[in-house]
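Protein chains in written order, with my numbering: chain A, 9 to 305; chain B, 8 to 708.
Everything on this sheet refers to the single structure shown next.
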Amino acid sequence: MKTSQFLDPKVLARIDNLELLARTVVDGFINGLHHSPYFGLSVDFAEHRQYMPGDDIRRVDWRVFGRTDRFYVKEYEADTNANFCVLFDVSKSMDYGSKEITKLDYGRYLAACLSYFSRTQRDRVGILTFDSAVKDYVPSSAKHLDIVLHTIDNLEASNPGTIAGPINDIAEILTRRSILVLISDLYEDPDVVVDSLNLLRHKGNDVIVFHVLDPAEIEFPFSDAAHFQDLESGESIPVVPDTLRDQYLALMNEHMNTLEHRLVTSRIDYCRFDTSSPLDFALFEYLARRHRLARVR
Amino acid sequence: MSLLAPLFLAGLAALVVPILIHLTQRTKKEPVPFPSLMFLRRVPFKTTRRQKIRNWLLFLLRSAAIVILVMAFARPWMRNSLVGTATLDRAREVVVLLDRSYSMAHGERWDRAVEAARDVAAGLGPDDRASLVLFSDRAEIAYQPLDDPAGLMSAINRARRGAGTTRFAPALQLAEQILEESEYARREAILISDFQRAGWSAEEEALLPEGARLVPVDVGDRETANRAVTEVAIDRGQSGSRERVSVLARIANFGTEVANDLEVSLDLDGQRIDSRTVDVEAGGTTVVRFQPFTPPQREALGTVGISEDELPMDDAFRFLLSPGQTLSALILEHPNAPVGESLYLERALGIGSDPVHTVSRRSSTRLDPSHLQGRDVVVVNDAPLPRGTAGRLLREFVLGGGGLLVTLGQRSTANSWPTEFTDLLRGTVGTVVDRLDDRGTTLSVTDFDHPLLELFRTPRSGDFSRARFFRYRRLNQTGDSEWDVLARFDDGEIALAEARVGEGRVVVLTSGLTNSWNDFPVQPVFLPFLHQLTKHLAGYAPGRTWFAAGEVVDLDVFPDMESSGVRSGVVASSGDYRELVVESPSGTRSVRNTGEDSRYLTLEEQGVYRVRLLDDEAGPSEIVAVNVSSAESDLATIDPEELASAVTVSGSSSGSTSFSATLTPEERERRQGLWWYLLVAALLVLVAETVLSNRIQHAAR
């Protein structure tokens, strides 16, 4: 069985246990990484450098001193034990799914997998959910994976949501620099999104945006005229899809492109997924970001 | 392409339906949840008017189905299409009109005509259709138009010429009917005849259908010389007490040369009575009077013949010579009537030989049964009607079919008509009207349609107005039944009236015939009027001495096999039907019942028909002499092309015509059957539409 098939969100949706799901995805993903160029990123030896006054004497490599009679210090890559926190948008718009799974489900699997995977990297994991305000907050901790998974398991999307308000609150709540993964459909003005995330970014956090969308939002496959009802506000308007499709898609693409451009410009990683994409895509994206962050560090 | 029912094109309005369906977006009743209307709200809302047609292929399929269905119902047909017309375009509808009039007996005309008809039958193509019409003065289809040339040949072989005269119109009208109903492209009527001019009149109505042509086949010859006995008359006379008969015959020469020394003979029952030799001018006629002779006291077959020429049928004229008929009249006078009271009456009735009148006079008071024996008419001339037994006998005489003429004069009074005659006379004798001061009056006939007065209908056929009536008696009508008034005086009083009583007739003349109350007896009209009156009262009907070929006789009234004489033509009583054997001149026998339709005998052949009772083979037979019409004897011809141009539509008499000119649009549409193909196409389109529609709906889910 191919991994990609195994990680199909539709198949994963049959697994009730979120931890089992995350383990299944991550273990399978890691097995697949044996041939990956990103293997061993976090705790591997990187290089030796000459001892400088002030360096911790415990980091002197005494074997090298024995052979060369010089003091060298060992340095390791990504030996971080960083805080990893998922910022989960649970606004009502996330409860939409034109296929088997909703954006909320997809984000749930994604958050679980990322948390489990981060924990395997010995990061401290936490989660923070919000809609128009912060709802649940599990501080990042090496022991909080179960709580995080439980929180993810009990997520419900019931209220309208915004970005700016909760992000400001989150910026106040998070005092330590963390790796922040925002999972949201980002129905907000790009300027607001970027400004809000810049607030986190400027506080030293590494922000990765996972923009989760349903295929119907991207392709707009509707044909029959109908009243379209906003999931968050309940407002409905008559829509003739055939006549609106092109303009909708243009606006949607402009929105996504603007988001990507602005976020990348602000050094915020941006990944867009539709709910039909395999979950290992998301993990690849995440690891790719971590690798880049490690090298930068 | 044309349409037979273009009104169905109105159905194209149904195209609005798919247009509206494909323009109008069906709005779902249930709202569609969507994460955010953030972008949809920015798009300006469009109404259906500004929308485009969606699902173009489906729309086109649906529209095409409607258009095809509408076109199918409009029943299209192609003007230039060859569908179903190839065979008909080549095939011919041929009507062979074969003249079987007796002029075709001239020389070898009939043989040539039959041969020409056979040539036509032999020349028919496999797709041709032909019918045979035999005609003379009538036309009949001898062969139905079936696709069987062998049958046509057989019908031609069975054809026999007749004794009728030529009339082209009935045959051409029959051909017109056949060709009119034909759907074939080439339609022809082939007229095989000797084209006698007498057979065509410009007033005849016959016109072949447009596109049909008449092909004349002239089997006559230039020789038109012909001599014929065209008429025979019998002049009866009296020589002493014996009847003498003189036969007159009219001989016609239709040739262009004088017929010299033409022998004309008279035979009676095969015995030569007389013969004469005459010269007849070219194109002229002459009358031959044979020597008078005493006719036999039985019916005899007479024949006037001339030497045979190329056309023998009109060279002999047959007639029936019956013994002369006699009308017996009894005049009843007033006992006090002076001698000569009935002078004018007797003298007038004594004149004439057809029929001969025998007149006797009696006093009205001395009438006994023997006096009425064998009488046809009783004239009560200004006398009282007999009473008692005599009166009863006279009454029975009238009721049994006798005629009674009553004249009113100075001796007639109110008592002249006894009460037992009330139902006969239907009134009383009134007072005398004296018009001497007015220098007399005239009578005016009120009913010239009456058989008694019909003879005087035309001008110069009898002037009643010249008679002056100075006195007359009023006729007072009583009872429910009224007189049939035939003439009145200028004051409205009845002058002449008739009543039918039982089987007989009663006529009343309200002014006497003694030349004292009027001068009617000395007027020229008196003699024919009196003869007509007695014949009418007696129910006299002269027997036909000959019939023309083609005439129809009713065997129920002719001949009467049980009696002869004056009333031989009286109808046999209803229910008393007889079975008769009719033997035609050719020897063919047929049994006919006078109570059935077979009692009508068409005299097809020239010669002598013999009719006798079926169960009385040895009994006497009645003879019916049949002669051909003299109109056929004139062999002058008409130009066949002239006839052809007269009965065909201009421009269509020559050459074949195109199929499009002959077939009606309905016929062309039916043959092409394009609607059928359109319906199949519509069905296929609808199937495709169903498949496509299902796919689109499936994809939308």
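Just so it is clear, CB atoms sit at the ideal spot from N, CA and C, and this is done for glycine as well.
No experiment lies behind these values; they were computed from the predicted model shown.
Comparing C-alpha distances from Arg-394 (chain B) to each of B:Asn-388, B:Ile-630 and B:Asn-422 shows the shortest one belongs to B:Asn-422. Proximity of chain A to Arg-48 (chain B) at the Cβ level (cut-off 9 Å) is accounted for by Asp-238, Glu-243 and Ile-245, in chain order. Along the stretch 97-110 of chain A, going in chain order, the ones with a CB nearer than 7 Å to a CB of chain B are Ser-101 and Tyr-104.
Our two residues, Gln-304 (chain B) and Gln-530 (chain B), have alpha carbons roughly 36 Å apart in a direct line. In terms of CA proximity to Leu-685 (chain B), B:Pro-83 leads the group B:Ser-110, B:Val-532 and B:Pro-83. Selection B:Ser-282, B:Asp-276 and B:Gly-277 evaluated against Asp-268 (chain B) yields B:Ser-282 as nearest (Cα-Cα). Chain A places a beta carbon closer than 8 Å to that of Leu-44 (chain B), counting this residue as a contact. Within the stretch 295-351 of chain B, the complete beta strand (DSSP E) runs of at least 3 residues fall at 307-313, 323-328 and 333-340. Separation of the CB atoms of Thr-609 (chain B) and Arg-585 (chain B) is rounded to 19 Å, and the pair is thereby denied contact status at 8 Å. For Pro-223 (chain B), the pairing in a beta bridge is given by DSSP as B:Leu-198. In the assembly as shown, Tyr-278 (chain A) is a buried residue. Its beta-carbon has 16 or more other beta-carbons within 10 Å. For Phe-218 (chain A), not one C-beta of chain B is nearer than 8 Å to its own C-beta.
Take the alpha-carbon of Leu-188 (chain A) and the one of Asp-232 (chain A): they are about 41 Å apart. When the Cα atoms are used, Ser-335 (chain B) and Ile-501 (chain B) turn out to be separated by approximately 28 Å.
Setting aside the 5 residues that flank it on each side, Glu-673 (chain B) is surrounded in the same chain by Leu-11, each with a C-beta closer than 7 Å to its C-beta; the list follows chain order. Put simply, the CB of Phe-66 (chain B) is far from chain A, with every gap to its CB atoms at 8 Å or more. Taking C-beta separations shorter than 6 Å and ignoring five residues to either side along the sequence, the partners of Glu-55 (chain A) in its chain run Glu-83, following chain order.
Two segments are said to touch when three or more pairs of C-beta atoms, one from each, lie closer than 8 Å; by this definition the stretch 411-430 of chain B touches the stretch 384-400 of chain B.
Here the alpha carbon of Asn-634 (chain B) sits roughly 24 Å from the alpha carbon of Ala-120 (chain B). Exposure of Asp-441 (chain B) is indicated by the presence of fewer than 16 other C-beta atoms within 10 angstroms of its C-beta.
Residue burial is scored here from C-beta neighbours: Ile-163 (chain B) has at least 16 other C-beta atoms within 10 angstroms and is therefore classed as buried. Under the Cβ criterion (8 Å, minimum of three pairs), the stretch 232-240 of chain B counts as touching the stretch 324-342 of chain B. In this structure, the alpha-carbon of Leu-163 (chain A) lies about 21 Å from that of Leu-291 (chain A).
Arg-209 (chain A) sits close to Ile-276 (chain A), with the two beta carbons spaced by under 8 Å.
The contact set of Arg-61 (chain B) on chain A, defined by CB atoms closer than 7 Å, consists of Asp-250 in chain order.
By the Cβ neighbour-count rule, Val-98 (chain A) is buried, with 16 or more other Cβ atoms within 10 Å of its own. With a threshold of 8 Å between beta carbons, Phe-92 (chain A) makes no contact with chain B.
In the structure shown, the three-state DSSP call for Pro-198 (chain A) is helix. In the structure shown, Ser-637 (chain B) falls within a helical segment according to DSSP collapsed to helix, strand and coil. Residues of chain B whose Cβ lies closer than 7 Å to the Cβ of Phe-281 (chain A) do not exist, since the nearest Cβ in that chain is about 15 Å away. For Met-60 (chain A), there are no C-beta contacts with chain B under 7 Å, since the nearest C-beta of that chain is about 55 Å from it. If you ignore the 5 residues before and after Ile-73 (chain B), its C-beta comes within less than 6 Å of the C-beta of Ala-21 and Leu-22, all in its own chain and listed in chain order. For Arg-116 (chain A), the enclosing alpha helix (DSSP H) begins and ends at 111-128.
A residue is called buried when at least 16 other Cβ atoms come within 10 angstroms of its Cβ; Ala-150 (chain A) does not meet this threshold and is exposed. For Gln-237 (chain A), DSSP records a beta bridge to A:Ser-244 and B:Pro-40.
By the Cβ neighbour-count rule, Asn-260 (chain B) is buried, with 16 or more other Cβ atoms within 10 Å of its own.
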